[in-house]
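Each remark here refers to the structure printed beneath this line.
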Amino acid sequence: MSLPAALLAAALAALLAPGAGAPVGRQGARHKLLLVSFDGFRWDYDQDVDTPNLDAMALDGVKARHMTPPFVTMTSPCHFTLVTGKYIENHGVVHNMFYNTSSKLKLPYHATLGVQRWWDNGSVPIWITAQRQGLKAGSFFFPGGNVTYQGTAVTLSRKEGILHNYKDEAEWRANVDTVMRWFTQDGLDLVTLYFGEPDSTGHKFGPESPQRKAMVQQVDRTVGYLRDSIRRSGLERSLNLIITSDHGMTTVHKKAGDLVEFHKFPNFTFKDIEFELLDYGPNGMLLPKEGRLEKVYEALKDAHPKLHVYKKEDFPKSFHYANHPRITPLLMYSDPGYVIHGRVNVQFNNGEHGFDNGVLDMKTIFRAVGPSFRRGLEVEPFESVHVYELLCQLLRIVPEANDGDPRALLPMLMPEGSAPLAGGCPALMTGLLVAAVLLAKVA
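Under mature numbering (1 follows the signal peptide of the UniProt record, and there is no 0), the letters of the sequence shown match residues -21 to -1, 1 to 422, in that order.
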């Protein structure tokens, strides 16, 4: 065999060898990982304002058309799905609010962030899994990151104050700087970073408002600052960056005929209720007094055309939500744009979430860039329950039992040992190029 022919054979053999072009596995070099969540970033928020940094990230990495959060589309439950890979009925953080049907205690969102037993109820999030396998993890404002799990705390964590200003762009940059130091000085391998916008602005002014559009531009500037910080810190070739969110947002209907008001429903009385969790967007739970479940259900099931009321055992299984001891015997949700008012009307938001996760307005974003990700790739929509398996794959750690598919997001990843090139399969393209050149020489 001539030398060129021998080289051609060797190139083709390498190209076709088992594992050539295969996605990264749990062996080999480990890169650091930064998971960033911008709360309430609807899937299409980058389409009505200029977002050059998010656009550049999509060109440099991977973009999903959109991502589907779990039901119920609330902040804490959806974030805990991201870091456990479990549907909400399986990880148990079923609401933003801690509640106890026996004591009647209910705590607001911020107070619930520090309630140990609400979060540590059997599921182990990725921070703890990573630490048990020899890595260091950090959580900056990320829901669930500042309590202990089975006696283990996250290596480094920060929790926002009760009156925290989520809109301060200067503080956002300071938080990014802190996270970079966590990587470069403290040796962390995994950090989750949370921003409370554009959720707060979307709630106050509505998702179609100029204020929301301005906030998305602030988010985009922060993405640019974040990527510049990664480069300045010398982490561009050793850190994978994922930017995502928990849920979307939709406009609230406020006309009198659109209101879902329990206190005005005929045949319904709160005297039949032992415990209620209402006045939280479009979601509600009720524990009727003993012997009154059927009476309450019959009074509510057709009380409003935009309200869907279920007995716990009849709640749609496709939501993966009701099969948990924390869920009350009756639960309900309303159609997009309609919120549930209880004893009095106390909700005045112009934007809201918590609706059916199949509704397009509840979908959110997913962007990823770094040494492990392909370039210029847009993938079809997927469920956020699969993100956890991807995180474990990137960190080379063995995941806990979860509901995600370990194969679902592998097409995003670079083949093992290849450099990120545009077009999807660098090892294959490079091998074919070499083969073509050698074939020309042989000819």
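Glycine included, every Cβ here is placed at the ideal spot set by N, Cα and C.
Just mark residue 242 as buried or exposed, buried being the case when its beta carbon has 16 or more other beta carbons within 10 Å.
A residue is called buried when at least 16 other Cβ atoms come within 10 angstroms of its Cβ; residue 242 does not meet this threshold and is exposed.
Through-space distance from residue 55 to residue 45, alpha-carbon basis
20 Å
Output yes or no for whether 7 Å exceeds the beta carbon distance between residue 62 and residue 105.
Yes; because the gap between Cβ atoms is below 7 Å, this pair is in contact.
Assign residue 380 to buried or exposed, taking buried as 16 or more other Cβ atoms, counted over all protein chains shown, within 10 Å of its Cβ.
exposed
DSSP three-state assignment for residue 264, whether helix, strand or coil
strand
Which residues in the same chain have their Cβ closer than 6 Å to the Cβ of residue 182, if we skip the five residues on either side of it in sequence?
328 and 330
Would you kindly work out how many angstroms separate the C-alpha atoms of residue 213 and residue 142, rounded to a whole number?
Residue 213 and residue 142 have their C-alpha atoms spaced approximately 35 Å apart.
Return yes when the C-beta of residue 255 is under 6 Å from any heavy atom of the ligand NAP, and no when it is not.
With respect to small molecules bound, the structure shown includes none, and the ligand NAP cannot be examined in it.
Let's test the definition: count the other Cβ atoms within 10 Å of the Cβ of residue 324 and tell me whether it reaches 16, buried, or not, exposed.
Answer is exposed; the Cβ neighbour count stays below 16.
Please determine if the region 286 to 303 and the region 192 to 212 are in contact, where contact requires at least 3 C-beta pairs separated by less than 8 Å.
no
Spatially closest choice to residue 387 from 233, 66, 185 and 358, by CA coordinates:
Comparing C-alpha distances from residue 387 to each of 233, 66, 185 and 358 shows the shortest one belongs to 358.
Are the beta-carbon atoms of residue 208 and residue 155 separated by less than 7 Å?
yes
Cα-Cα, which of 218, 90, 59 and 226 is closest to residue 21?
It is 226 whose Cα lies nearest to the Cα of residue 21.
Can you tell me the Cβ-Cβ gap for residue 340 and residue 229, rounded? I've got them flagged as a contact below 8 Å.
4 Å
For the candidate residues 255, 264 and 351, whose alpha-carbon lies nearest to that of residue 310?
Here the closest residue by C-alpha is 264.
Beta-carbon proximity list for residue 37, same chain, < 7 Å, skipping 5 on both sides
346
What does the Cβ neighbour count give for residue 127, buried or exposed, with the cut at 16 atoms within 10 Å?
exposed
Assuming contact is defined by CB atoms lying nearer than 7 Å, are residue 360 and residue 338 in contact in what I supplied?
no
Using a Cβ distance threshold of 8 Å, determine whether the region 362 to 369 contacts the region 251 to 270, with at least three qualifying pairs required.
no
Could you check whether the region 66 to 79 touches the region 294 to 312, counting it as contact only if at least three pairs of C-beta atoms, one from each stretch, sit closer than 8 Å?
yes
Report the rounded CA-to-CA distance for residue 165 versus residue 109, giving the unit in angstroms.
16 Å
Which word fits residue 75, buried or exposed, when buried means at least 16 other C-beta atoms lie within 10 angstroms of its C-beta?
buried
Taking the straight line between their C-alpha atoms, what separation do you get for residue 351 and residue 14?
14 Å
Mapping DSSP to helix, strand and coil, what is residue 76?
coil
With DSSP run on the structure shown, which of helix, strand or coil describes residue 238?
Here residue 238 carries a coil assignment [DSSP, helix/strand/coil].
Determine the DSSP secondary structure at residue 16, reduced to helix, strand or coil.
strand
Between the beta-carbon of residue 169 and the beta-carbon of residue 33, is there less than 7 Å?
no
Under a three-way DSSP split, which group does residue 123 fall into?
Under the three-state reduction of DSSP output, residue 123 falls in the coil class, being neither helix nor strand.
So what's residue 223 in DSSP terms, helix, strand or just coil?
Strand at residue 223.
Quick one: using the 10 Å Cβ neighbour count with 16 as the cut-off for buried, is residue 235 buried or exposed?
Classification of residue 235: exposed, given that the 10 Å Cβ count is below 16.
Cα separation between residue 222 and residue 197?
15 Å
Which stretch, first to last residue, makes up the alpha helix (DSSP H) that contains residue 43?
Not the alpha helix (DSSP H): residue 43 falls in the beta strand (DSSP E), residues 41 to 43.
Sequence-distant residues of the same chain with beta carbon closer than 8 Å to residue 425, five excluded per side
No answer is possible for residue 425: the residues shown for the chain start at -21 and end at 422.
What does a CB cutoff of less than 7 Å around residue 8 pick up in its chain, not counting 5 residues either side in sequence?
none
If you compare alpha carbons, which of 319, 273, 305 and 253 is closest to residue 284?
Proximity to residue 284 across 319, 273, 305 and 253 peaks at 319, based on C-alpha coordinates.
Spatial distance of residue 92 from residue 86 (CA atoms)
10 Å
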